[in-house]
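Only one structure is covered here, and it is reproduced in the block below.
Number of protein chains: 4
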Amino acid sequence: VSDLFWPGAERAGGLLDQESWLAAMVAVEQAWSDALADAGIAPASPVLTDLVGPGDLTRLAVDAESCGNPVIGLVALLRSRAGGLGAEWVHRGLTSQDVLDTALVRCLRDAVSRLRAEIATQVGALTDLIRAHRDTLLTGRTLTQPATPVTLGLRAASWLSGVLDAADDLTALTFPVQLGGAAGTLAAVVELTGGDVVAARGLAVDTARRLQLAPTPPWHTNRRPLTRIGDALVACTDAWGHLANDVLIGSRPELGELAEPAGGGSSTLPHKRNPILSALVTRAAITAPALASTLHLAAAASAEERAAGAWHAEWATLSTLARRTVTAAAQTSELLAGLRVDPERMAAHAHTRWADLTAERTAIAEFRAAPPSAGEYLGAATAFTDTALDRARTWLETHR
Amino acid sequence: VSDLFWPGAERAGGLLDQESWLAAMVAVEQAWSDALADAGIAPASPVLTDLVGPGDLTRLAVDAESCGNPVIGLVALLRSRAGGLGAEWVHRGLTSQDVLDTALVRCLRDAVSRLRAEIATQVGALTDLIRAHRDTLLTGRTLTQPATPVTLGLRAASWLSGVLDAADDLTALTFPVQLGGAAGTLAAVVELTGGDVVAARGLAVDTARRLQLAPTPPWHTNRRPLTRIGDALVACTDAWGHLANDVLIGSRPELGELAEPAGGGSSTLPHKRNPILSALVTRAAITAPALASTLHLAAAASAEERAAGAWHAEWATLSTLARRTVTAAAQTSELLAGLRVDPERMAAHAHTRWADLTAERTAIAEFRAAPPSAGEYLGAATAFTDTALDRARTWLETHR
Amino acid sequence: VSDLFWPGAERAGGLLDQESWLAAMVAVEQAWSDALADAGIAPASPVLTDLVGPGDLTRLAVDAESCGNPVIGLVALLRSRAGGLGAEWVHRGLTSQDVLDTALVRCLRDAVSRLRAEIATQVGALTDLIRAHRDTLLTGRTLTQPATPVTLGLRAASWLSGVLDAADDLTALTFPVQLGGAAGTLAAVVELTGGDVVAARGLAVDTARRLQLAPTPPWHTNRRPLTRIGDALVACTDAWGHLANDVLIGSRPELGELAEPAGGGSSTLPHKRNPILSALVTRAAITAPALASTLHLAAAASAEERAAGAWHAEWATLSTLARRTVTAAAQTSELLAGLRVDPERMAAHAHTRWADLTAERTAIAEFRAAPPSAGEYLGAATAFTDTALDRARTWLETHR
Amino acid sequence: VSDLFWPGAERAGGLLDQESWLAAMVAVEQAWSDALADAGIAPASPVLTDLVGPGDLTRLAVDAESCGNPVIGLVALLRSRAGGLGAEWVHRGLTSQDVLDTALVRCLRDAVSRLRAEIATQVGALTDLIRAHRDTLLTGRTLTQPATPVTLGLRAASWLSGVLDAADDLTALTFPVQLGGAAGTLAAVVELTGGDVVAARGLAVDTARRLQLAPTPPWHTNRRPLTRIGDALVACTDAWGHLANDVLIGSRPELGELAEPAGGGSSTLPHKRNPILSALVTRAAITAPALASTLHLAAAASAEERAAGAWHAEWATLSTLARRTVTAAAQTSELLAGLRVDPERMAAHAHTRWADLTAERTAIAEFRAAPPSAGEYLGAATAFTDTALDRARTWLETHR
């Protein structure tokens with residue numbers, strides 16, 4: 010699960026790697042087989058869970074090309090290895106897309122669950138950071154130039170609001186089972202139930218329950234469940250990319266306002282402390298939108314009862330997007346947990362350009378022919394910061 | 010508002026064109042000016058609404074380059090033309106981004122409102138189509154090849170579910186006001202209120218109310234409100250692209266199962282009846298994901314209190330995306346309103362390959378050593394269709 | 010041609026706007042009509058040039074929707090307004106795509122011509138900058154952190170090499186005529202020549218000559234000529250985005266090493282001097298790759314003798330991409346012409362961290378147990394700079 | 010190298026997988042070490058080639074995160090395992106980016122070499138196909154509807170021209186070595202040569218020669234060499250996607266004009282023969298443009314002497330894009346090698362709609378008041394076909 014091309018990839022562990030996808034496919038076949046047996050349709054449900062494993066991956070992947078997907082090979086393997094009563098009932102009534110989509114959704118559910126845990130950690134860290142720097146003066150900068158004063162607390166509150174928005178999007182996701190059979194009618198399943206449509210749909214509901222996924226009608230040609238997940242993942246990398254930008258800028262030595270917990274080294278420069286976590290999070294933010302756009306293109310290319318090519322484009326795209334998002338999540342958590350702040354440098358920079366930073370106040374005073382306010386010209390900064398903290402508190406109470 | 014490069018663009022009317030954006034900016038300045046006057050901060054609020062118009066567009070656009078956005082020029086124009094009491098109070102406390110973002114959101118709100126109306130029309134048309142063809146036999150085709158039988162009702166139910174998913178996404182959108190001043194602290198406004206933060210925030214809430222937008226803290230560096238809108242717009246074009254694909258396929262003369270209400274002509278072929286609406290909707294579906302990905306990239310490039318370039322990339326991208334989505338909406342509505350169905354051709358194709366279409370049933374019968382079911386092997390097609398119709402009915406009751 | 014949503018758009022003048030595209034379509038019809046008449050096939054060729062104009066744009070654009078493109082309406086207009094001998098011969102033998110594609114290519118040729126002129130200006134400005142700062146010490150920064158010393162000359166040489174690479178890509182482009190008739194066989198033209206295929210192809214060659222475009226076989230379903238143009242345009246915005254990034258960074262007051270010729274103002278902050286040109290160039294660089302990817306998607310969606318939707322997606326995408334690239338070109342030229350350099354600040358920053366910047370040298374000395382070199386530790390910086398200047402000189406000699 | 014998420018991935022063999030990239034990095038270190046020793050700078054050059062291998066991948070990948078790239082860990086490993094004379098000289102003078110970029114380019118060179126071989130095979134197959142069907146009548150279809158007659162030879166000539174355009178783009182690529190040291194000045198190398206800039210540059214040229222890459226000045230911040238490769242790869246998938254679309258359409262049973270050599274099966278439908286190769290090629294064509302756009306975004310985000318994040322985004326993107334392109338190449342070769350054509354069905358469809366297909370001819374006859382031509386109304390189809398065959402012949406003579 011590590012990847013020389015994507016340092017840090019192992020942070021995603023087995024989430025949405027080949028092995029866990031294969032295991033999820035087996036879990037789907039198992040749940041279906043169990044549902045068939047419990048309903049008295051199949052004579053028994055063999056234990057499938059340990060019948061295939063990492064050692065089968067290469068063969069299944071290679072065999073997948075001739076049919077376009079790995080399910081046919083998997084079913085053959087499961088039936089032959091299961092043997093005995095019920096073995097030949099495995100997969101009966103389903104189609105490849107049922108197994109593949111449902112397994113993909115299940116893996117995505119686990120990845121999103123991990124993301125929500127990371128976000129909870131981040132919200133905690135951001136809350137601490139904001140509280141600690143609620144009044145830390147910082148040069149507000151727009152288009153790279155000094156504008157008016159802000160606080161580090163307020164800037165971090167903006168990071169927090171992006172993270173919480175992404176969290177809300179993750180929370181709103183549903184993870185639907187895909188069970189429709191060859192063309193989305195459950196015809197084979199109805200055939201197996203002797204024409205009992207209610208029983209057939211009941212099997213789908215039961216299978217969803219076993220897999221802890223949402224029971225829904227087939228969505229084999231309506232891919233919004235997947236594009237919604239993709240959009241929510243990009244909302245995450247957008248939010249983290251935003252805050253990583255600020256760390257990258259702030260850790261320039263000429264600014265020196267922020268620093269990563271531990272900088273990365275160089276192969277030739279002994280003194281280097283590179284803001285590596287921020288760079289790697291930025292990398293995810295640069296690449297994620299294009300991946301999500303591919304999911305939309307695939308969705309828009311949906312046709313008839315299953316699209317040729319568009320469907321096949323989704324798997325690697327979602328796996329890559331989700332794994333990278335999880336990696337970026339963990340890197341962001343680490344970054345926030347140890348972010349170093351130099352309030353003195355922040356104050357020094359602000360005071361160096363105090364006239365500029367408060368030129369607006371001076372102009373207002375002239376306009377009103379009234380004396381300018383005293384103090385740091387921070388407006389509602391603290392109030393906005395507290396609003397963000399309130400939102401975080403509520404979110405944490407609900408989601409932790 | 011018509012566009013030689015994008016036939017049908019005039020269907021979007023003035024939505025998100027330059028003129029309506031300018032008018033929205035004036036409306037924002039008006040609302041703010043009114044709020045200032047009502048609160049007793051400004052001595053009066055001049056009527057701004059008719060002070061600038063289409064005739065000012067070129068000058069404002071050209072002048073916008075030197076500052077990067079059109080608000081500075083607009084404010085100068087408004088103040089000079091308003092004259093009299095309160096004129097110099099126009100825009101006091103705000104920054105360009107407040108006016109520009111809020112105006113953009115307001116225009117997007119109107120575009121989304123139009124989209125929801127079009128979708129209501131489409132849901133009505135699809136409901137009629139599905140009801141009329143609940144039992145119309147159709148060859149289920151996966152990866153271009155015959156699979157098992159479906160009904161046109163079921164296929165159209167899949168179109169409908171995509172449209173309703175997009176509708177849900179549109180409904181979930183919020184349209185927040187942007188009011189934060191130079192660096193998101195409302196410092197200038199607090200200065201104008203004599204240091205009263207509560208009053209300053211109250212002005213923002215009052216302005217939001219006047220503009221019928223959601224009052225929220227500043228989101229100048231957290232662009233999720235805009236990327237959510239972009240994602241929802243692409244969900245629309247995805248759903249319409251999907252159904253347009255099916256019309257394009259079905260209207261091939263060798264299939265002849267579907268036809269557009271009136272085909273488009275050719276500059277040299279007298280007999281041609283091209284499925285133009287479907288082609289134009291497909292065009293939107295091909296181009297929309299890339300535009301939405303640009304919004305995400307801009308969001309991820311957010312930095313400090315305002316990003317250089319990323320913010321500027323949003324305006325044309327959103328305008329283009331929203332206008333094209335509205336155009337595609339209207340074209341889809343027209344397409345669905347007059348979609349022609351040839352049930353005889355559908356039945357003929359299905360019966361020509363009936364053995365193939367029911368081969369799965371035969372295989373099940375062999376497997377079970379039981380006679381196959383009689384009838385059309387449609388499984389739960391009707392039940393799934395009715396579920397979709399129920400969802401449509403509920404949606405229409407709630408949203409019409 | 011100005012655009013409130015894209016400040017600076019008027020810098021592209023009429024290039025690839027609706028009016029010039031329409032004029033190009035008329036020019037194509039004229040060239041074809043002239044070729045037909047010169048070959049003795051048509052009895053005469055009416056003068057078409059002034060028959061349609063900006064006043065027809067709306068009508069033509071609106072009428073375009075029913076057929077999917079504006080050519081049918083245009084032909085009808087030209088025939089009816091031309092009247093007299095030859096009027097009915099206008100467009101005979103052609104199809105809409107011939108006129109539309111050829112006109113688009115012709116407009117793109119003009120845009121690329123403008124780009125090459127801008128690049129010549131930029132190469133001149135960069136050459137001057139590099140010469141002036143061949144020895145100006147600058148902190149080399151990698152991943153935002155000080156690395157080893159460089160010169161401003163060398164950094165600008167890197168900008169230059171990107172610009173020259175883009176120039177090479179523009180130079181390598183061809184601008185082919187599209188003349189294939191309804192399905193790419195020139196069947197109607199051959200019919201008009203009484204079955205003389207050589208004469209029919211000769212008409213195409215003659216038309217290409219009149220339009221100063223490359224004569225080629227039809228490429229109606231092989232869109233590489235257009236994607237190559239798109240890729241080359243993005244190579245331009247990539248190169249300019251790169252240098253704009255460096256200006257944005259260098260113009261932060263904490264660095265103060267670079268500054269735009271004249272900064273942009275703010276609607277509320279009197280002191281602000283924003284690096285607006287860099288911000289606007291960055292905007293183009295953020296949005297261009299997605300547009301070019303759309304052209305590729307359209308190319309890949311090509312089918313049979315003309316794709317439904319994919320073809321239609323190209324026009325606005327190319328127009329937008331080309332116009333924005335021209336605007337960014339002009340902005341970059343202005344930026345480079347007046348770029349301000351502060352060698353003292355550069356030197357001061359370098360000297361502040363001189364131990365870090367030369368830590369590698371110290372490490373080498375230790376490794377070799379030999380004394381470190383004296384001087385600025387600039388390695389081959391000057392040599393590389395001179396190589397870049399040589400390339401620029403050669404390029405300018407060839408292309409100016 | 011197989012991938013459950015991307016069936017067929019093993020067709021790319023080891024091209025641009027982790028193992029070959031690691032091997033290429035070692036080859037770069039070896040070449041540099043040899044150059045140093047041959048120049049008398051290092052006392053000796055240890056044999057590095059077998060010092061690291063697949064067993065080190067995980068450790069190197071995991072260790073890579075803390076510095077952001079795997080080179081530091083690799084150098085440590087090489088030095089410690091090499092031991093003896095010259096071991097400590099490994100990597101001296103280089104920076105991580107030198108090794109990583111050069112290794113990437115070398116892997117890309119190999120991938121492009123494989124692509125060119127596949128394309129040669131395809132050009133051969135297409136030539137055969139075109140020759141065999143130079144006169145095979147086919148319904149010309151535009152926007153899905155019958156237009157005028159074409160031949161299968163002509164349509165395949167259009168596929169061929171796309172493939173040859175892509176081949177030209179691949180041929181035009183250069184594969185430059187990256188050797189610039191920490192900030193692109195070769196300062197450390199010049200230090201090692203005792204201040205001899207010419208000798209330092211000579212080492213770079215010698216290293217390029219050993220690696221069979223082009224010697225060029227450093228391009229560490231000008232990424233056009235990589236985006237050009239990306240653009241050329243997408244030109245390939247565009248061309249193959251185009252022809253796969255035609256196979257997908259033609260293999261619909263209602264058309265039945267084309268068929269894949271061997272269709273893919275289904276997990277539940279015994280009769281299914283899915284056009285799997287076309288579907289899988291389409292998958293590559295859908296996903297490639299977004300990946301290439303990411304390379305452009307990374308190029309445009311280049312900054313100072315090395316960008317944080319943008320550089321890191323390139324590796325996985327290029328690896329994925331290149332491997333998928335190679336896989337699609339091999340699948341396309343197989344598709345073309347065995348493409349089945351049904352000339353009778355083609356003729357039957359054309360004759361069924363002969364009046365429509367020749368309506369243009371009838372209209373011309375009426376217009377000219379002259380009798381229409383006899384025959385198949387194919388215009389210059391054969392001539393264009395032969396032009397394409399000529400181009401293929403020339404290309405094959407040059408490139409085989």
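Residue numbers (my numbering), protein chains in the order written: chain R, 10 to 409; chain C, 10 to 409; chain G, 10 to 409; chain H, 10 to 409. Glycine included, C-beta positions come from ideal geometry on N, C-alpha and C. Remember, it's a predicted structure, so these values are computed and weren't measured experimentally.
Whose Cβ in chain R lies nearer than 7 Å to the Cβ of PRO284 (chain G)?
Within chain R, the residues near PRO284 (chain G) are LEU152 and THR153.
Whose C-beta lies closer than 7 Å to the C-beta of PHE393 (chain G) among residues of the same chain, with five residues either side of it excluded?
If we look at PHE393 (chain G) and ignore the five residues flanking it on each side, its Cβ neighbours are LEU163 and ALA166.
Three-way DSSP call (helix, strand, coil) for ARG233 (chain C) in this model
ARG233 (chain C): helix per DSSP, three-state reduction.
Neighbour-count burial assignment, ALA378 (chain C), 16 or more Cβ in a 10 Å radius
Per the 10 Å Cβ criterion, exposed.
I'd like to know whether the C-beta of PRO262 (chain C) is nearer than 7 Å to at least one C-beta of chain R.
No, its Cβ sits nowhere closer than 7 Å to a Cβ of chain R.
Is ASN283 (chain G) helix, strand or coil when you go by DSSP?
Looking at ASN283 (chain G) - three-state DSSP - the assignment turns out to be strand.
Helix, strand or coil at ALA112 (chain R) according to DSSP, with G and I counted as helix:
In the structure shown, the three-state DSSP call for ALA112 (chain R) is helix.
Identify the contact partners of GLU2 (chain C) in chain H, using a Cβ-Cβ distance below 7 Å as the criterion.
There is no way to answer for residue 2 (chain C), as the model of chain C reaches only from 10 to 409.
Please go through the same chain and pick out, in chain order, the residues whose beta-carbon is closer than 6 Å to the beta-carbon of SER302 (chain G), but skip the five residues on each side of it.
Closer than 6 Å at the Cβ level, and outside the excluded window around SER302 (chain G), lies no residue.
Counting contacts by CB-CB distance shorter than 7 Å, is LEU195 (chain R) in contact with chain G?
No, its Cβ sits nowhere closer than 7 Å to a Cβ of chain G.
Listed in chain order, which residues of the segment 287-300 of chain H have Cβ atoms closer than 7 Å to some Cβ of chain C?
Within the segment 287-300 of chain H, the residues whose Cβ lies closer than 7 Å to some Cβ of chain C are ALA288, listed in chain order.
Do ARG354 (chain C) and GLY265 (chain C) have their beta-carbon atoms positioned less than 7 Å apart in this structure?
GLY265 (chain C) places its beta carbon less than 7 Å from that of ARG354 (chain C).
Select from the segment 59-79 of chain G all residues with a C-beta closer than 8 Å to any C-beta belonging to chain C, and list them in chain order.
So the close ones are LEU66, THR67, LEU69, ALA70, VAL71, ALA73, GLU74, SER75, CYS76, GLY77, ASN78 and PRO79.
Closer than 7 Å by C-beta to GLY93 (chain G): which residues in its own chain qualify, once you throw out the five before and the five after it? Chain order, please.
Same-chain partners within the cutoff: PRO55.
Return yes when the Cβ of PRO227 (chain C) is within less than 7 Å of the Cβ of GLY189 (chain C), no when it is not.
The answer is yes: Cβ separation under 7 Å.
Could you check the C-alpha separation between ALA126 (chain R) and LEU405 (chain R) for me, to the nearest Å?
Taking the straight line from one Cα to the other gives about 11 Å.
Entirely within the segment 299-380 of chain C and at least 4 residues each: give me those alpha helix (DSSP H) ranges in chain order.
With a minimum length of 4 residues, the continuous alpha helix (DSSP H) runs that stay inside the segment 299-380 of chain C are 323-346, 352-361, 363-366 and 368-377.
Give the interface partners of SER302 (chain H) over in chain G, defined as CB-CB distance under 7 Å, in chain order.
What SER302 (chain H) touches in chain G: PRO298, ALA299, ALA301 and SER302.
Figure out for me which residue from G:PRO284, G:ALA316 and G:ASP395 has the closest Cα to the Cα of LEU344 (chain G).
Measuring from the Cα of LEU344 (chain G), the nearest candidate turns out to be G:PRO284.
Cα separation between LEU257 (chain H) and ASP395 (chain G)?
LEU257 (chain H) and ASP395 (chain G): Cα-Cα distance of roughly 55 Å.
If the cut is a Cβ gap below 8 Å, which residues of chain R does ALA389 (chain G) touch?
Identification of chain R residues near ALA389 (chain G) by a Cβ-Cβ cut-off of 8 Å yields none; the smallest Cβ-Cβ distance measures about 16 Å.
Applying the 10 Å Cβ sphere with the 16-neighbour rule, what's the burial state of THR58 (chain G)?
Counting Cβ neighbours within 10 Å, THR58 (chain G) comes out exposed, since fewer than 16 surround it.
Can you name the start and end residues of the beta strand (DSSP E) that ARG189 (chain G) belongs to?
As written in the sequence, residue 189 (chain G) is Gly, which differs from the Arg given in the question. Counted as a single uninterrupted DSSP element, the stretch harbouring GLY189 (chain G) is not any beta strand (DSSP E), since DSSP gives it neither H nor E.
By DSSP, does THR148 (chain H) sit in helix, in strand, or in coil?
Note: THR148 (chain H) maps to strand in three-state DSSP.
Comparing the C-beta of ALA372 (chain C) with each C-beta of chain H, is any distance below 7 Å?
It does: the Cβ of ALA372 (chain C) has a partner Cβ on chain H nearer than 7 Å.
Measuring CA to CA, which of G:LEU398, G:LEU173 and G:THR371 is closest to ALA197 (chain H)?
Of the candidates G:LEU398, G:LEU173 and G:THR371, the one whose C-alpha sits nearest the C-alpha of ALA197 (chain H) is G:THR371.
DSSP beta-bridge partners of PRO158 (chain C):
DSSP, once it has assigned bridges, lists C:THR148 as partnering PRO158 (chain C).
Does DSSP put GLY273 (chain G) in a helix, a strand or coil?
Strand at GLY273 (chain G).
Kindly indicate which three-state DSSP category SER66 (chain C) falls into: helix, strand or coil?
Note on identity: in this sequence residue 66 (chain C) is Leu, with Ser being the wrong assignment. Helix, per DSSP.
Please confirm whether SER105 (chain R) has its beta-carbon closer than 7 Å to some beta-carbon of chain C.
Cβ-Cβ to chain C under 7 Å: no for SER105 (chain R).
Against chain R, with Cβ distances strictly below 7 Å, would ALA378 (chain G) count as a contact?
Answer no: the Cβ-Cβ gap between ALA378 (chain G) and chain R never drops below 7 Å.
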